[in-house]
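Worksheet: the structure to be examined is printed underneath.
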Amino acid sequence: MRLLLVEDDERVAAALSAVLGRHGFDTVHVRDGEAALRQLLPAEGDCPAFGVVLLDLGLPGQDGFEICGRIRGLTSTPVIMVTARADVRSRIHGLNLGADDYVVKPYDTGELLARIHAVSRRTVPEDTAAPGGDTDSGTVLRLGTARIELPTRRVSVAGTEVALTRKEFDLLAMLAQRPGVVFRREQIISEVWRTSWTGTGRTLEVHVASLRSKLGIPALIETVRGVGYRLVVPAE
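Following full-length UniProt numbering, the numbering of the sequence shown begins with 1 at its first residue and continues without gaps.
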């Protein structure tokens with residue numbers, strides 16, 4: 001996922017960018033609101049859109065509250081306010097302006113990562129269509145001969161419907177909405193099974209094997225050794 005980090009403190013930004021990078025995020029850092037708005041303008045070329053904006057409030061020039069309001073005029077990209085302002089009034093004001101979440105510094109890195117994944121799940125960006133495939137209003141994913149209907153939870157391959165369990169569908173949908181992105185095992189367990197990694201690793205492996213077998217496209221889900229899994233878009 002590509003993140004936009006709006007943070008005027010270079011040391012804080014460098015440390016957070018390093019952590020995010022280790023978890024597979026591509027982070028673009030800017031120091032002020034105007035630079036953030038320029039990054040969020042519709043871009044020409046192949047530059048992908050941002051999945052989430054991490055927005056500090058104590059910015060030079062216009063503060064984060066004003067920038068959040070202006071971001072909402074440009075895009076529906078999820079915004080997480082990350083700030084030292086812990087008072088309830090600031091939280092309410094930020095959420096009323098259109099922020100999707102509000103995290104108070106100092107924060108636990110694991111919690112921030114979980115919140116990033118949580119808000120990104122609520123939005124399927126327009127550019128998440130698989131290369132060589134497409135999406136229908138973000139609700140139908142086509143990956144080669146495979147078709148995944150998110151609202152009806154139906155999956156078909158080459159026109160033949162494939163019966164999946166609830167967890168198998170949740171796992172497939174998670175990977176398919178971010179083709180090519182590596183999902184860590186811990187992240188998958190947390191989001192699909194709503195539990196911790198301990199003792200659940202074998203369950204994930206069994207579900208991946210079952211999906212490969214039922215779909216008849218073993219190469220669709222690739223194991224990234226020592227990390228997790230990613231969905232590989234089949235060649236046309």
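Think of the CB as a built atom: it goes at the ideal place given N, C-alpha and C, for glycine as much as any other residue.
With fewer than 16 other Cβ atoms inside 10 Å of its own Cβ, THR223 counts as exposed. Nearest to LYS167 by C-alpha distance, out of ALA86, HIS117, ARG154, ASP101, is ARG154. Within the same chain, Cβ atoms closer than 8 Å to the Cβ of SER120 are found at MET1, GLY51, VAL52, PRO78, the five residues on either side in sequence being excluded. With contact defined as three or more Cβ pairs closer than 8 Å, the stretch 92-104 and the stretch 59-74 are in contact.
If you draw a straight line from the Cα of GLN187 to the Cα of GLY24, it is about 11 Å long. Contact annotation, LEU143 with ALA176: C-beta distance approximately 6 Å; criterion of less than 8 Å satisfied. By DSSP's assignment, MET81 forms a beta bridge with LEU55, TYR102. Around the Cβ of GLY94, a 10 Å sphere holds 16 or more other Cβ atoms; the residue is buried. Our two residues, LYS105 and LEU215, have alpha carbons roughly 44 Å apart in a direct line. Given a length threshold of 3 residues, the stretch 170-213 has no whole run of the beta strand (DSSP E) inside it. In this structure, the beta-carbon distance from VAL233 to PRO151 does not fall below 7 Å.
When DSSP reads this structure, TYR229 sits in a beta bridge with PHE183, THR223.
The alpha-carbon of ARG230 is positioned some 21 Å away from that of ALA163.
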